[in-house]
Amino acid sequence: ARASDAGIQYSLFSDDRGSRTPRSGPPVTPGSVNYTVAFFEQRFDHFREDDNRTFMQRYVVCDDFYQPGGPIFFYTGNEGGVFSFWNSSGFVFEMAASKVLKMHPLLLYVEHRYYGESLPFGDASFDQERVYGLTVQQAL
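full-length UniProt numbering puts the first residue of the sequence shown at 1, with every later residue one more than the last.
1) What residues in its chain sit with their C-beta under 6 Å from that of Ser32, if we drop five residues either side in the sequence?
2) How would you label Val82, buried or exposed, when you count the other beta carbons within 10 angstroms and need 16 or more for buried?
3) Comparing alpha-carbon positions, which option in Ala97, Val136, Phe44 lies nearest Gly122?
4) For Ala96, write down the residues that DSSP places opposite it in a beta bridge.
5) Evaluate Glu129 with the Cβ neighbour count: other Cβ atoms within 10 Å of its Cβ, from every protein chain shown; 16 or more gives buried, anything less gives exposed.
6) For Leu106 and Tyr66, what's the separation of their Cα atoms in angstroms?
7) Give the DSSP-derived three-state secondary structure of Tyr132 in the structure shown.
8) How big is the Cα-Cα spacing for Arg48 and Thr76?
9) Please report the Cβ distance between Trp86 and Tyr59, rounded to the nearest whole angstrom; I am assuming they are in contact, meaning their Cβ atoms lie under 8 Å.
10) Express the C-alpha separation of Asp63 and Val37 in angstroms, rounding to a whole number.
11) With distance defined between alpha-carbon atoms, name the residue in Arg113, Val61, Phe55, Pro71 nearest to Leu101.
In structure tokens, the structure reads:
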């Protein structure tokens with residue numbers, strides 16, 4: 001279904017398999033939901049048992065749609081601050097709010113290490129001797 005037609009909003013997830021039924025209410029966007037920003041203590045090196053260093057990794061959580069038993073929509077951080085992706089992922093919010101899918105998920109976005117405010121060594125994170133933690137293996 002088209003996102004809009006002559007200014008009328010349509011749901012991508014229509015309940016009648018393809019007809020263009022106008023959505024009830026305004027579209028759900030990242031800016032129209034409540035969220036919490038928090039940090040958790042993350043291991044710097046997941047593969048060296050003798051390395052106990054940690055850093056604070058940022059995440060954003062939204063429970064506006066959540067109902068007990070619902071799934072967690074976990075968005076792994078891209079190469080940028082978490083809000084760059086939070087603000088550009090309307091499809092996730094439309095799925096979460098869908099009355100047709102009835103998923104009732106918790107939305108959880110975790111910022112990629114070395115981006116945004118998730119810098120393991122603060123301003124020194126990109127020094128040559130410290131950037132070795134910026135790998136796919138460590139991030140996952």
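Each residue gets a CB set at the ideal place from its N, CA and C atoms; glycine is no exception.
Every value quoted in this text rests on a predicted model; they were computed, and no experiment measured them.
In terms of the structure at hand:
1) Here residue 32 refers to the residue found at position 32 when the sequence shown is read from its first residue. Cβ-Cβ distances below 6 Å link Ser32 to nothing in the same chain once the five nearest sequence neighbours on each side are left out.
2) For this step, residue 82 is matched to residue 82 along the sequence shown. By the 10 Å Cβ count, Val82 comes out buried.
3) Start at 1 with the first residue of the sequence shown, and residue 122 comes out as number 122. If we check each option's Cα against that of Gly122, Phe44 comes out closest.
4) As a working note, residue 96 is residue 96 in the sequence shown. Answer is none; Ala96 lacks a bridge partner.
5) Position 129 of the sequence shown holds residue 129. So Glu129 counts as exposed.
6) Position 106 of the sequence shown, counted from the first residue, corresponds to residue 106. Position 66 of the sequence shown, counted from the first residue, corresponds to residue 66. The straight-line gap from Cα to Cα measures roughly 5 Å.
7) Start at 1 with the first residue of the sequence shown, and residue 132 comes out as number 132. Reduced to three states, the DSSP call for Tyr132 is helix.
8) Residue mapping note: residue 48 aligns to position 48 of the sequence shown, counting from 1. Residue mapping note: residue 76 aligns to position 76 of the sequence shown, counting from 1. Cα-Cα distance, rounded: 23 Å.
9) Taking the sequence shown and counting its residues from 1, the one referred to as residue 86 is at position 86. Taking the sequence shown and counting its residues from 1, the one referred to as residue 59 is at position 59. In fact, because the Cβ distance is near 10 Å, the residues do not count as touching under 8 Å.
10) Taking the sequence shown and counting its residues from 1, one reaches residue 37 at position 37. Taking the sequence shown and counting its residues from 1, one reaches residue 63 at position 63. For Val37 and Asp63, the distance between alpha carbons rounds to 12 Å.
11) Residue mapping note: residue 101 aligns to position 101 of the sequence shown, counting from 1. The residue from Arg113, Val61, Phe55, Pro71 with its alpha-carbon nearest to that of Leu101 is Pro71.
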